Amino acid sequence: MKPFLYIAAPLFSEAEREFNRILKHKLSQFCQVYLPQDDGQLFVKAVANGSSIELARNEIFLGDLQAIKRADIILLVMDGRAVDEGACFELGFAYALGKKCLGLQTDPRRLLPIGNNPMIDGALYTIFQCVQELLEWFHDPPKGIFGDIHDKSEKE
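One gets the working numbering by counting positions in the sequence shown from 1 and adding 3 to each.
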């Protein structure tokens with residue numbers, strides 16, 4: 004069985020959503036991937052389709068929390084001068100649930116002169132600097148990293 008991975012990422016610009024879709028496609032060979040923008044709802048679309056703001060907000064919030072609860076792994080996309088606020092919440096929630104949390108930071112910009120906020124870095128098992136590094140890690144993950152849900156024999 005493939006591990007279930009939740010991508011916590013900014014999803015407001017066309018470029019962000021396209022990057023997320025490419026990432027989902029690449030990771031799907033290793034994991035069952037949940038991408039909120041495609042597998043959940045987008046706030047703007049929900050409201051445009053007739054949902055009230057309150058209903059859309061509540062459905063998105065609860066739906067994403069359910070997906071995080073199901074997840075074995077959370078991947079936080081950290082690009083930008085500051086990490087997306089919603090993605091930070093998702094990371095904290097996942098960490099509190101004991102999920103394996105990974106980071107992907109291809110952008111060298113940081114809000115703090117010392118690097119990332121320690122509350123973000125502290126929740127992450129590791130931070131990858133490029134997509135290829137992330138894919139290589141999933142191709143040959145550290146032994147036992149996913150417990151019983153994932154072993155090398157299942158990937159081959």
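All residues carry an ideal CB built from backbone N, CA and C; glycine is no exception.
Note that the structure is a prediction, hence the values are computed from the model and not measured.
Contacting residues, own chain, Cβ-Cβ under 6 angstroms from residue i (five flanking each side not counted)
i	result
L79	A11, A90, L94 and G106
L137	L107 and F131
A18	none
L65	none
M81	G106 and Q108
Y9	Y37, A70, I71, A74 and I77
Distance CB(residue i)-CB(residue j) smaller than 8 angstroms
i	j	result
A74	Y37	yes
C34	F15	no
P13	D87	yes
D41	R24	yes
G43	I63	yes
Y128	K103	yes
V50	I56	yes
Collapsed DSSP secondary structure at residue i in the structure displayed
i	result
A51	helix
I10	strand
F131	strand
Q40	helix
I148	coil
I123	helix
L45	coil
W140	helix
Residue i burial status per 10 Å Cβ neighbour count (16 or more: buried)
i	result
D67	buried
C133	exposed
I76	buried
I223	Residue 223 falls outside the range modelled here, since the chain spans only 4 to 159, and no answer is possible.
E159	Because the pLDDT at E159 is just 38, under 50, the model does not fix this residue reliably, and the value given afterwards should be weighed accordingly. It is exposed - the Cβ of E159 has fewer than 16 other Cβ atoms within 10 Å.
L30	buried
L58	exposed
N-terminal and C-terminal residue of the alpha helix (DSSP H) that residue i is part of
i	result
I63	I56 to R73
G95	E88 to A99
L26	E17 to L30
Unbroken beta strand (DSSP E) run spanning residue i, endpoints
i	result
G106	K103 to L107
Contacting residues, own chain, Cβ-Cβ under 8 angstroms from residue i (five flanking each side not counted)
i	result
R20	L14 and Q40
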